[in-house]
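Number of protein chains: 2
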Amino acid sequence: MDAIETILTRRSIRKYEDKKVPAEVVKALLDAGMHAPTARNIQPWHFIVIDDRAILDQLSIAHPYAKMMKQASLAILVGGDRNLQEVEGYIIQDCSAVTQNIMLAAHAYGLGSVWLGMYPREQRMQDVGKILEIPEHILPVSLISIGYPTETVKPPVRYKEERVHFNKF
Amino acid sequence: MDAIETILTRRSIRKYEDKKVPAEVVKALLDAGMHAPTARNIQPWHFIVIDDRAILDQLSIAHPYAKMMKQASLAILVGGDRNLQEVEGYIIQDCSAVTQNIMLAAHAYGLGSVWLGMYPREQRMQDVGKILEIPEHILPVSLISIGYPTETVKPPVRYKEERVHFNKF
Chain A
1 MDAIETILTR RSIRKYEDKK VPAEVVKALL DAGMHAPTAR NIQPWHFIVI DDRAILDQLS
61 IAHPYAKMMK QASLAILVGG DRNLQEVEGY IIQDCSAVTQ NIMLAAHAYG LGSVWLGMYP
121 REQRMQDVGK ILEIPEHILP VSLISIGYPT ETVKPPVRYK EERVHFNKF
Chain B
170 MDAIETILTR RSIRKYEDKK VPAEVVKALL DAGMHAPTAR NIQPWHFIVI DDRAILDQLS
230 IAHPYAKMMK QASLAILVGG DRNLQEVEGY IIQDCSAVTQ NIMLAAHAYG LGSVWLGMYP
290 REQRMQDVGK ILEIPEHILP VSLISIGYPT ETVKPPVRYK EERVHFNKF
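Chains as they are written, first to last, in my numbering: chain A, 1 to 169; chain B, 170 to 338.
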């Protein structure tokens, strides 16, 4: 799929087919994520690939906005290693660019996905962290629910002239 | 350009031709940015498009890693409105996804770009904020230097098996 079309037509998708995502596609999504730029090129990211039905079900309850994970065949948690990148603000930016790459790649592969916020919600980070056994030095930034879509969402018109400033705010 | 190819071949580009970016391409980059997902779909983003030579030169000195902006014909500052989104951590994530979309779109349009970190560096936020007259309620997250590339950087091999965990960390 064309890059610009992929960017403009990606939507949050919460309804999925009961169909596994092939291992090579999962790897391609992770590789796309790893190609995001990171502050000082430190690449502090870690990924937890979740395809175990029981764990997906647990997450669908533990995270307040993850009900759709009852149907998702895949989820990816993106986090950053505090021992590699000590600046928390950079971990957030790095992992967010990673997350966006994964979601765009998912769309290009015919998958639907939705970004579930983790950071800075302490309760979610703790509850999801417990299920996935995330150690203290890994900061969980996002949880992505992924599957083959059974819904289509119209691309939005988003351009807002009033948010664009020229040379000075 | 194909989406996956765009993601995998985008690199930080710091050397540019002395050539303006057409207004319709600038608008397409901003539109790509605005299509990034945002927490609760609040879309708190603001953009400052900088193409004034004198201001680009000022920025190249004010930001410690912006020397390449002496050659760049364009820069885009991405920031978020604290009055629209009160959770600072969400503004960072939103604006980072926006920044990544802009950089991918730039690459797809044959442009090169590099992400210059702003947040959470107080000095940079203050110095750049002064030049661009950014008000208090706008949190500046990233500054993107953009131009037609005169360098090519080889796509990296990034996949790290040891950063991928299955179902539990």
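Glycine included, every Cβ here is placed at the ideal spot set by N, Cα and C.
> How is B:V256 classed by DSSP in three states: helix, strand or coil?
Replying inline: coil
> Can you find at least 3 beta carbon pairs, one from the region 63–81 of chain A and one from the region 136–153 of chain A, that sit closer than 8 Å?
Replying inline: yes
> Which of the three DSSP states, helix, strand or coil, is assigned to B:D171?
Replying inline: strand
> In the DSSP assignment, what residue or residues form a beta bridge with B:V297?
Replying inline: In DSSP, B:V297 forms no bridge with anything.
> Does the beta carbon of A:D52 come closer than 8 Å to any beta carbon on chain B?
Replying inline: yes
> Tell me, which residues are paired with B:P318 by DSSP?
Replying inline: B:Y185
>> I need the DSSP call for B:L280, collapsed to helix, strand or coil.
In response: coil
>> Within 10 Å of its beta-carbon, does B:P191 have 16 or more other beta-carbons around it, so buried, or fewer, so exposed?
In response: exposed
>> Quick check: the Cα distance between A:K20 and A:H107, rounded to an integer number of angstroms?
In response: 16 Å
> Among A:I13, A:T6 and A:F169, which one has its Cα closest to the Cα of A:G112?
Replying inline: A:I13
> Are the C-beta atoms of B:A235 and some chain A residue less than 8 Å apart?
Replying inline: no
> When the cut-off is 8 Å and only beta carbons count, does B:V256 lie next to chain A?
Replying inline: yes
> Along the chain, which unbroken stretches of the alpha helix (DSSP H) at least 4 residues long are found entirely within the region 3–77 of chain A?
Replying inline: 3–9, 23–34 and 53–62
> For A:I92, which of helix, strand or coil comes out of DSSP?
Replying inline: helix
>> Please return the same chain residues whose Cβ sits closer than 8 Å to the Cβ of A:Y109, not counting the five positions on each side in sequence.
In response: V25, A28 and L29
> Who are the Cβ neighbours of B:H306 in its own chain at under 8 Å, not counting the five residues just before and after it?
Replying inline: D250, R251 and N252
>> Contact criterion: CB-CB distance below 8 Å. Does B:K337 meet it with respect to chain A?
In response: yes
>> Is B:I315 close to chain A? Criterion is C-beta to C-beta, closer than 8 Å.
In response: no
> Nearest-angstrom Cα distance between A:I92 and B:I224?
Replying inline: 29 Å
>> Using only the alpha-carbon positions, how far apart do B:E331 and A:F47 sit?
In response: 10 Å
> So what does A:L139 bridge to, in DSSP terms?
Replying inline: A:G80
>> Suppose you measure from the CA of A:C95 to the CA of A:R40; what does that come to, to the nearest Å?
In response: 14 Å
> What are the start and end residues of the beta strand (DSSP E) that includes B:F335?
Replying inline: V333 to F335
>> Just list the residues that DSSP pairs B:L273 with in beta bridges.
In response: Answer is none; B:L273 lacks a bridge partner.
> Would you say B:G202 and B:I271 are within 8 Å of each other, going by their C-beta atoms?
Replying inline: yes
> Closer than 8 Å, CB to CB, is A:E24 near chain B or not?
Replying inline: no
> What residues of chain A sit near B:A266, judged by a beta carbon separation below 9 Å?
Replying inline: S96, A97, T99, Q100, M103 and W115
>> Using 8 Å as the threshold, is the C-beta distance between A:E86 and A:L139 below it?
In response: no
> What number of angstroms, rounded off, separates the C-alpha of A:M125 from the C-alpha of A:P64?
Replying inline: 11 Å
> Is B:L228 near B:V297, with beta carbons less than 8 Å apart?
Replying inline: yes
> Got a sec? Which residues, its chain only, sit under 7 Å from A:T150 by beta carbon, not counting five neighbours each side?
Replying inline: K15, Y16 and E17
>> In whole angstroms, give me the CA-to-CA distance for A:I4 and B:T175.
In response: 10 Å
>> Given this structure, state the Cα-to-Cα distance separating A:Y148 from A:Q71, to the nearest angstrom.
In response: 10 Å
> Using a C-beta cutoff of 8 Å, does B:S181 count as contacting chain A?
Replying inline: yes
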